[in-house]
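Following: one structure in structure tokens, then a few remarks.
Numbering (the UniProt record's numbering), first residue to last: 1 to 170.
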């Protein structure tokens, strides 16, 4: 986080996770970006020549086309389809952030966990999620013990099945 972005990423395959972290290393997942998407925070960093306020990490093998930042202004003016793509992606990420804000503000942890699993499944296109309870806890900014207890509850409600480092949405 806090880095100046010099290239505008467009995801051709794979998935990225955008997150925000504090000085102690605690983090919260903001949204996922997958095929055909980009990160509006990267655009903001490029256009305003300011460091990005978020970090991102590749969650599954990805191919990313990187447009040099100096070309972004030119392409927005020159190519209406690119401008439309930018606005659509920005709108989608604003909606994703509002959804994250709503889940943090208005949902209990169990509902937040299930929503996170569904969102992750939708982003990956698979009902199987390969993450440890600790990884999930880190992304939701809670403890592993809480996640393990809630996973057991979701499993008992037959919403998920689980194995070591793997969750299957039912």
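Think of the CB as a built atom: it goes at the ideal place given N, C-alpha and C, for glycine as much as any other residue.
Just so we're clear, the structure is a prediction, and the values are computed from it rather than from any experiment.
### Query
Does the distance from the C-beta atom of residue 159 to that of residue 114 stay below 8 angstroms?
yes
### Task
Give the range of the beta strand (DSSP E) segment to which residue 81 is assigned.
No beta strand (DSSP E) holds residue 81; the alpha helix (DSSP H) holding it covers 80-106.
### Beta bridge counterpart(s) of residue 131 as assigned by DSSP
None; residue 131 has no bridge partner.
### Message
My assumption, with CB atoms under 8 angstroms, is that residue 32 sits in contact with residue 20. Please give the rounded CB distance.
### Response
Wrong, their Cβ atoms sit about 14 angstroms apart, outside the cutoff.
### Task
Let me know if residue 87 comes out buried or exposed under the rule of 16 or more other beta-carbons within 10 Å of its beta-carbon.
exposed
### Query
Rounded C-beta distance between residue 13 and residue 46? I'm assuming under 8 angstroms.
Incorrect: roughly 22 angstroms between the Cβ atoms, too far for contact.
### Query
Pick from 55, 23, 58 and 15: whose alpha carbon is nearest that of residue 37?
15
### Query
DSSP beta-bridge partners for residue 50?
Partner(s): none; residue 50 has no beta bridge.
### Terminal residues of the beta strand (DSSP E) in which residue 15 lies
That run of the beta strand (DSSP E) goes 7-21.
### Query
In angstroms, rounded to a whole number, what distance separates the CA positions of residue 121 and residue 44?
Whole-angstrom Cα-Cα distance: 28 angstroms.
### Query
When DSSP builds the beta bridges, which residues end up paired with residue 166?
For residue 166, which the question treats as bridged, DSSP gives the partners 163.
### Message
What does DSSP give as the partner residue(s) for residue 41 in the beta ladder?
### Response
None; residue 41 has no bridge partner.
### Query
Which class does residue 24 belong to by DSSP, given the choice of helix, strand or coil?
coil
### Task
Provide the residue span of the alpha helix (DSSP H) that contains residue 35, from first to last.
No alpha helix (DSSP H) contains residue 35, which DSSP labels as neither H nor E.
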